[in-house]
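A.B. asks:
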Amino acid sequence: VTTLPMPCGLAKGTDFVAEDNNGCQIYFCFYEEKKADQLKQISKRIFEEDKDRLQKLCFLILPNHQQLFKCRKWEWSDNWPRGFFVEFEKLAAKAKLIDDICFGRLAEEKPKTGYDLKPEDKIRLFNAKVLSNMPVGAKSSPEYFLLRFKAPELKYVLPGQFLMVDTLSYAGRKSIEKSISLYHSSFEKDTSISDNPVDLAPVSFLKRPFGIYRSYHKNFKLNCFKNIALPSTLAGITEILFPHEFEILYKLVEDGTGTNELRKMKQNSMFQVLGPLGKETDLSRWQTDGIDEVHLIGGGVGMAPLIFFGQALRYYSFKVKAFIGVNNLDTLPYDAPATQNLRKSYLFIDDLLSIGLNKDDIHLAYEKQNAVSDIYAKLLDRGLLEKNFYKGLVISQYQSYIAGLNKRENILVISCGPIPMMKSLSEITSKLNIPMKVLMEKRMGCGIGVCMSCVCRTKKNDIKQYSRVCTDGPLFDSNDIDWNEIGI
Numbered sequence: 001v002t003t004l005p006m007p008c009g010l011a012k013g014t015d016f017v018a019e020d021n022n023g024c025q026i027y028f029c030f031y032e033e034k035k036a037d038q039l040k041q042i043s044k045r046i047f048e049e050d051k052d053r054l055q056k057l058c059f060l061i062l063p064n065h066q067q068l069f070k071c072r073k074w075e076w077s078d079n080w081p082r083g084f085f086v087e088f089e090k091l092a093a094k095a096k097l098i099d100d101i102c103f104g105r106l107a108e109e110k111p112k113t114g115y116d117l118k119p120e121d122k123i124r125l126f127n128a129k130v131l132s133n134m135p136v137g138a139k140s141s142p143e144y145f146l147l148r149f150k151a152p153e154l155k156y157v158l159p160g161q162f163l164m165v166d167t168l169s170y171a172g173r174k175s176i177e178k179s180i181s182l183y184h185s186s187f188e189k190d191t192s193i194s195d196n197p198v199d200l201a202p203v204s205f206l207k208r209p210f211g212i213y214r215s216y217h218k219n220f221k222l223n224c225f226k227n228i229a230l231p232s233t234l235a236g237i238t239e240i241l242f243p244h245e246f247e248i249l250y251k252l253v254e255d256g257t258g259t260n261e262l263r264k265m266k267q268n269s270m271f272q273v274l275g276p277l278g279k280e281t282d283l284s285r286w287q288t289d290g291i292d293e294v295h296l297i298g299g300g301v302g303m304a305p306l307i308f309f310g311q312a313l314r315y316y317s318f319k320v321k322a323f324i325g326v327n328n329l330d331t332l333p334y335d336a337p338a339t340q341n342l343r344k345s346y347l348f349i350d351d352l353l354s355i356g357l358n359k360d361d362i363h364l365a366y367e368k369q370n371a372v373s374d375i376y377a378k379l380l381d382r383g384l385l386e387k388n389f390y391k392g393l394v395i396s397q398y399q400s401y402i403a404g405l406n407k408r409e410n411i412l413v414i415s416c417g418p419i420p421m422m423k424s425l426s427e428i429t430s431k432l433n434i435p436m437k438v439l440m441e442k443r444m445g446c447g448i449g450v451c452m453s454c455v456c457r458t459k460k461n462d463i464k465q466y467s468r469v470c471t472d473g474p475l476f477d478s479n480d481i482d483w484n485e486i487g488i
């Protein structure tokens, strides 16, 4: 029997330490209630030493899913600052796969805790708080807005899911309800309607569906994910704190009631949200299926939910490449918040860089730019490669890119955007036997499968059917979409 030395120095108090060839260290601690104060000091000490390099990581090994849930709450974050979590059973099962002889007995089947929640148990109706609501693009006529809000209740949301958002503030909604009530009271009391005038301007009454653009986790800075390189054996079973702040990107629709209400939302306003909605997707399972590289292909505002995918994929140590299609380069710049230390940010581009994509992994297709614009030159100054720019459609850019690859195995494509774009991409990937998933966008009345307003034509085993985007999707295998009748 070999006795290993006890961890010392920075690792003092931890149970064991792992180090890779690049010097990245992972400090493991077993959770015990009586050691809570000691664990807090260990994590704080390593956090302060590492700063934001993420070369020294703290892993807390928890006995079961119930304890994991408790420790991942953002309110618990000060007890394990910028720490990672893993269940003992999952760690043991992974060890068994690596070496069954040594670790097989660790991974014996254990009874279920009964704490796993069904998807419908995770849905909440709540009020979120606006943190910022910024225009993106030309200052005179911005085409996009970026809404950031605080919503710890959305902790379970996963890439591919969505929210139903009230586009009026909570106070604004109550004011309208009160006005309508007074209007009806005028009839009941047989008084003059002019005593209680009603604003006849268009107003929304149904919530609107939006995908998540980015999530934020306490003690994890905006760009920290670009430094994370978890071992593949740990990435699929590792958790961090639940997110507590989020962003959605929305496109301003001319004369659109909902988005024009949303743009008026002020900082600290409260608004109602229902979510998370849609089918859950376990991204870590894609590694089991042999996928190691994912191509994100977005058209216009369809790129927004793919940023959230990229954030999660990088965390799970997938290789990620992005192909962005925009109509006009001038829709990309916006004034960044002071916390990002950037005087000017570029939509999609800076977010992809912050989650760890290399500059060579970002491809940009555009159809035009304003005559006096210098955006192209500024993006080159940002470090994007000139060969990755393409004047034309993103479909053509991707077709040229994929045709030039010698190895196309283990690649998955995820796309969101206009139907014609995704249909063309489906034809390209099918011919090359590259699996593809699509995020379908539809108008929705309820978001929970009741109103049937969001159905699309799909096919299973050559049998055509209607599927509800809100509950059967919104993420579908592209081969399951009946592209020839998608508009029917």
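Note that my numbering gives residue 152 to position 152 of the sequence shown, counting from 1, and the numbers run on in steps of one. C-beta: ideal position from N, C-alpha, C; glycine also. From a predicted model like this one, the values you see are computed outputs, not experimental measurements.
(1) Using CA coordinates, which residue listed in Leu62, Phe242, Pro159, Asn133 is at the minimum distance from Cys566?
(2) Please specify which runs of the beta strand (DSSP E), each continuous and at least 3 residues long, are wholly inside the region 125-153, giving them in chain order.
(3) Checking 7 Å against the spacing of the C-beta atoms, do Ala312 and Leu249 come in under that value?
(4) Starting from Pro209, follow its DSSP beta bridges and name the residues at the other end.
(5) Measuring straight from C-alpha to C-alpha, what distance separates Pro333 and Ser345?
(6) If Glu247 sits next to Leu146, beta carbons under 8 Å apart, how far is it from one beta carbon to the other, in whole angstroms?
(7) In the DSSP assignment, find the beta strand (DSSP E) that holds Pro276 and state where it starts and stops.
(8) CA-CA distance, Arg148 and Tyr216?
(9) CB-CB under 6 Å to Phe16, same chain, minus the five flanking residues each way: which ones, in chain order?
(10) Taking Cβ positions, are Lys44 and Pro81 nearer each other than 7 Å?
(11) Give every residue of the same chain whose Cβ lies closer than 7 Å to the Cβ of Lys12, excluding the five residues on either side of it in the sequence, and list them in chain order.
(12) Can you tell me the Cα-Cα spacing of Ile395 and Leu425, whole angstroms?
(13) To the nearest whole angstrom, what separates the beta carbons of Pro5 and Thr14, a pair I think is in contact under 8 Å?
(14) Quick check on DSSP: helix, strand or coil for Ile411?
(15) Tell me which same chain residues have a C-beta within less than 7 Å of the C-beta of Asn268, skipping the five on either side of it?
(16) Does the beta-carbon distance from Ile434 to Ile411 come in below 7 Å?
(17) According to DSSP, what are the bridge partners of Asp477?
(18) Thinking just about the alpha-carbon of each residue, which of Pro276, Asp330, Ile402 is nearest to the one in Ser373?
(19) Take Cys58 as the anchor and find which of Ala18, Phe88, Gly392, Gly417 has the nearest alpha-carbon.
C.D. replies: Considering the structure as presented:
(1) Nothing can be reported for residue 566: it is not among the residues displayed for the chain, which extend from 1 to 488.
(2) 144-150
(3) By 1-based counting over the sequence shown, the position of residue 312 is 312. By 1-based counting over the sequence shown, the position of residue 249 is 249. Not closer than 7 Å, so no.
(4) Counting from 1 along the sequence shown, the entry for residue 209 is found at position 209. Answer is Met164.
(5) Position 333 of the sequence shown, counting from 1, holds the residue named residue 333. Position 345 of the sequence shown, counting from 1, holds the residue named residue 345. Cα-Cα distance, rounded: 6 Å.
(6) Locating residue 247 in the sequence shown gives position 247, counting from the first residue. Locating residue 146 in the sequence shown gives position 146, counting from the first residue. Right, the Cβ-Cβ distance comes to about 6 Å (below 8 Å), so this counts as a contact.
(7) Taking the first residue of the sequence shown as 1, we reach residue 276 at position 276. Run containing Pro276: 270-277, per the beta strand (DSSP E) assignment.
(8) In the sequence shown, residue 148 corresponds to position 148, counting from 1. In the sequence shown, residue 216 corresponds to position 216, counting from 1. Going from the Cα of Arg148 to the Cα of Tyr216 covers about 10 Å.
(9) Indexing the sequence shown from 1 puts residue 16 at position 16. Taken in chain order, the residues that qualify are Phe28.
(10) As a first step, residue 44 is located in the sequence shown; it is residue number 44 there, counting from the start. As a first step, residue 81 is located in the sequence shown; it is residue number 81 there, counting from the start. The answer is yes: Cβ separation under 7 Å.
(11) By one-based count along the sequence shown, residue 12 stands at place 12. There are no such residues.
(12) Within the sequence shown, residue 395 is the residue found at index 395, counting from 1. Within the sequence shown, residue 425 is the residue found at index 425, counting from 1. Roughly 6 Å between the two C-alpha positions.
(13) Position 5 of the sequence shown holds residue 5. Position 14 of the sequence shown holds residue 14. The pair is not a contact, with the Cβ atoms about 12 Å apart (cut-off 8 Å).
(14) For the purposes of this step, residue 411 is taken as residue 411 along the sequence shown, with counting starting at 1. Ile411: strand per DSSP, three-state reduction.
(15) Locating residue 268 in the sequence shown gives position 268, counting from the first residue. Answer for Asn268: Lys129, Val130, listed in chain order.
(16) The residue given as residue 434 occupies position 434 in the sequence shown. The residue given as residue 411 occupies position 411 in the sequence shown. For Ile434 and Ile411, yes; Cβs fall inside 7 Å.
(17) Position 477 of the sequence shown, counted from the first residue, corresponds to residue 477. According to DSSP, which records beta bridges pairwise, Asp477 is partnered with Lys437.
(18) Taking the sequence shown and counting its residues from 1, one reaches residue 373 at position 373. If we check each option's Cα against that of Ser373, Asp330 comes out closest.
(19) Here residue 58 is taken as the residue at index 58 of the sequence shown, counted from 1. Cys58 has its Cα closest to that of Ala18, out of Ala18, Phe88, Gly392, Gly417.
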